[in-house]
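**Student:** Provided herewith is a single structure, encoded as structure tokens, for subsequent inquiry.
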Amino acid sequence: MRLYTFVHSPNPLKVRLAMAEMQMEYEAVEVNVFRGEHQTEAFARVNPQRKVPVLQDGALTLRESNAILVYLGRTRDTPRWPNVATSEALAMQWLFFESGSMSSWCSTLWWNDVVAPRLGRPGMGEGVAEQAAREISRSLDLLDGHLADRQFLLGDALSLADCSVGVAAMMLRGTRVDEPGRWPHVSAYRDAIRRRASWDEAQGEGIIDLRAP
Numbered sequence: 001m002r003l004y005t006f007v008h009s010p011n012p013l014k015v016r017l018a019m020a021e022m023q024m025e026y027e028a029v030e031v032n033v034f035r036g037e038h039q040t041e042a043f044a045r046v047n048p049q050r051k052v053p054v055l056q057d058g059a060l061t062l063r064e065s066n067a068i069l070v071y072l073g074r075t076r077d078t079p080r081w082p083n084v085a086t087s088e089a090l091a092m093q094w095l096f097f098e099s100g101s102m103s104s105w106c107s108t109l110w111w112n113d114v115v116a117p118r119l120g121r122p123g124m125g126e127g128v129a130e131q132a133a134r135e136i137s138r139s140l141d142l143l144d145g146h147l148a149d150r151q152f153l154l155g156d157a158l159s160l161a162d163c164s165v166g167v168a169a170m171m172l173r174g175t176r177v178d179e180p181g182r183w184p185h186v187s188a189y190r191d192a193i194r195r196r197a198s199w200d201e202a203q204g205e206g207i208i209d210l211r212a213p
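So for the sequence shown, UniProt numbering puts the first residue at 1; every next one is plus one.
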């Protein structure tokens, strides 16, 4: 099994975190996005969308981080993915929530408030960032309420859905919406994920501890 990844990119981190939780062995192929390695013709043959992550498992080549999480959960015997249809539907609900109501806004704020200033890159504009802050605030309100009486999305045990939503929430560290007092349960949720051995194994801090290319 081979994973095309980049240590400073959030979407590959979702998959690395899941694989660390499941104690899976795989070959990691680093694609330095900051240097434009994802734009090469060689990588385009792996993924025509020129994005990471990409998982190769035998004859299967799979892109899109949340699709990879579902594949890993369904093809491995793991407590990190529900084996009951109703529980699996809830896990899928959170994956769709991340992709539809978090990912774009988190990415905008992460780039504008964290990445661009540290790497000397242009931001996305204050108007764009403020819109992202308004939109993600609504999602954080929902997530904070859900986490008020549980440690993780599906209860007291981490699931692969947390590898997606948790990483999205981590992207907001150091941004204008990093307000633990406003969303205390989201803050506790992030802390719980960061304390796990899998976070270090997956090099989770790579999305905050950036290095210039």
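Cβ atoms here follow ideal geometry from the backbone N, Cα and C, with glycine treated the same way.
All of these numbers come straight from a predicted model, not from anything done at the bench.
Measure the beta-carbon distance from V33 to Y4 and round it to whole angstroms, keeping in mind my assumption that it falls under 8 Å.
**Tutor:** Contact flag wrong, Cβ pair sits at about 11 Å.
**Student:** Count the CB pairs spanning the stretch 55-74 and the stretch 139-151 that are closer than 8 Å, and state whether there are at least three.
**Tutor:** Segments in contact, no.
**Student:** Could you spell out the range, first to last residue, of the alpha helix (DSSP H) harbouring Q131?
**Tutor:** Taken as a continuous stretch (DSSP letters only), the alpha helix (DSSP H) holding Q131 covers E126 to H146.
**Student:** DSSP state of R174, grouped into three classes?
**Tutor:** Per the sequence shown, the amino acid found at residue 174 is Gly instead of Arg. In this structure, G174 counts as coil in the three-state DSSP scheme.
**Student:** Just confirm the distance between the C-beta atoms of R190 and A169, as a whole number of angstroms; I'd bet it's less than 8 Å.
**Tutor:** Right, their Cβ atoms sit about 5 Å apart.
**Student:** Give the C-beta separation of W110 and T40 to the nearest angstrom, bearing in mind that I take them to be a contact with Cβ-Cβ under 8 Å.
**Tutor:** Their Cβ separation, rounded to whole angstroms, is 24 Å, which puts W110 and T40 out of contact at 8 Å.
**Student:** With DSSP as the reference, please indicate the residues paired to A28 in a beta bridge.
**Tutor:** A28 pairs with L3.
**Student:** Just mark R35 as buried or exposed, buried being the case when its beta carbon has 16 or more other beta carbons within 10 Å.
**Tutor:** Exposed: under 16 other Cβ atoms inside 10 Å.
**Student:** Does the pairing of the stretch 10-20 with the stretch 201-208 give three or more beta-carbon distances under 8 Å?
**Tutor:** Segments in contact, yes.
**Student:** For T78, which residues in the same chain have their Cβ closer than 6 Å to its Cβ, ignoring the five residues on either side in sequence?
**Tutor:** Taken in chain order, the residues that qualify are M22.
**Student:** When you compare the CB positions of R76 and M24, do they come within less than 9 Å of one another, or not?
**Tutor:** Cβ distance < 9 Å, so R76 and M24 count as in contact.
**Student:** Pull up the distance between the alpha-carbon of E98 and that of S137, whole angstroms please.
**Tutor:** Computed Cα separation, rounded: 13 Å.
**Student:** Please name the residue in N83, L140, L154 and V167 whose C-alpha comes closest to that of L17.
**Tutor:** L17 has its Cα closest to that of V167, out of N83, L140, L154 and V167.
**Student:** From the DSSP output, in three-state form, read off G100 for me.
**Tutor:** Helix.
**Student:** Do you know whose CA, among Y71, F43 and E135, lies nearest G100's CA?
**Tutor:** The candidate whose alpha carbon is nearest that of G100 is E135.
**Student:** Label P180 either buried or exposed according to how many other C-beta atoms from any shown protein chain fall within 10 Å of its C-beta, with 16 as the threshold for buried.
**Tutor:** With fewer than 16 other Cβ atoms within 10 Å, it is exposed.
**Student:** Find out if the Cβ-Cβ distance for the pair M171, S107 is shorter than 9 Å.
**Tutor:** Yes; because the gap between Cβ atoms is below 9 Å, this pair is in contact.
**Student:** Comparing C-alpha positions only, which one of K14, L72, A44 and R45 sits nearest to M1?
**Tutor:** Of K14, L72, A44 and R45, the residue nearest in Cα terms is L72.
**Student:** How about L158 and R196: are their beta carbons less than 9 Å apart?
**Tutor:** Closer than 9 Å, so yes.
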